[in-house]
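Here is the structure we will look at.
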Amino acid sequence: MSKYSRAFKCAVAKQFLLGECSSYDLSHTYSIAPPIIRYWGKVFEIHGSDSFKPHDCAKNAQTKLHALKKMWTNGWSINHTSAVLNFSSPGTLSVWLKQYKQYGIQGLERSRGRQPMSKHPFIKQKSDDEKTLEELKEELAYLRAENAVLKKLEELEQEKHRRTKKKRT
Numbered sequence: 011m012s013k014y015s016r017a018f019k020c021a022v023a024k025q026f027l028l029g030e031c032s033s034y035d036l037s038h039t040y041s042i043a044p045p046i047i048r049y050w051g052k053v054f055e056i057h058g059s060d061s062f063k064p065h066d067c068a069k070n071a072q073t074k075l076h077a078l079k080k081m082w083t084n085g086w087s088i089n090h091t092s093a094v095l096n097f098s099s100p101g102t103l104s105v106w107l108k109q110y111k112q113y114g115i116q117g118l119e120r121s122r123g124r125q126p127m128s129k130h131p132f133i134k135q136k137s138d139d140e141k142t143l144e145e146l147k148e149e150l151a152y153l154r155a156e157n158a159v160l161k162k163l164e165e166l167e168q169e170k171h172r173r174t175k176k177k178r179t
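What follows is the structure in structure tokens.
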């Protein structure tokens, strides 16, 4: 579902094309960016009452490639090509162009299913036999510090418990 209804887009495009208001005036009135209003005007100018009708713009890579080739052979801009093809926004064609430049025809294929999860490198723990003397000393120091912290925490909890008991009596 689009953000703006078909009737609203047509009404704004008519206002723009009739010269009642500039794209900037309409942008302040409706809180829409001026380039979007100009694009709607271009689509409405080309297609008239058939503008902004929902349709599947491309189901496969061949139709996407055909749209890109139409743009290249005629020397049209992305905006003009999108308007001629009656796309809801020129961003659709921009995405296809980027995918085609990056991945070729495979980039235009529709990817099915979820994206695979990235594989995080699994760091295997060394056994004590494989560790060097220095690594074992570091681990021992870490475990002693951890043990001291836990003992101090337990001591503080017991002290707090004694204080609350003392206050009650």
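All residue numbers for the sequence shown refer to the working numbering, where the first residue is 11 and numbers rise by one.
Cβ atoms here follow ideal geometry from the backbone N, Cα and C, with glycine treated the same way.
| said: Using 9 angstroms as the threshold, is the C-beta distance between H90 and K52 below it? | reply: yes
Rounded C-beta distance between S92 and L103? I'm assuming under 8 angstroms.
5 angstroms
Tell me whether Y49 is buried or exposed, calling it buried when 16 or more other Cβ atoms sit within 10 Å of its Cβ. buried
Fill in: Integer Cβ distance of H94 from I47, believed to fall under 8 angstroms
Per the sequence shown, the amino acid found at residue 94 is Val instead of His. About 18 angstroms separates the two Cβ atoms, so there is no contact after all.
**Q.** Cβ-Cβ distance between F62 and C20 below 9 angstroms
**A.** yes
Reduced DSSP category for D138 - H, G, I as helix; E, B as strand; rest coil: coil
Nearest-angstrom Cα distance between E164 and E156? 12 angstroms
M11 versus E145: straight-line alpha-carbon distance, rounded
Below a pLDDT of 50, predicted positions are generally treated as unreliable, and M11, at 47, falls in that range; no measurement from the model is reported.
CB contact flag (Q116, A71, <9 angstroms)
yes
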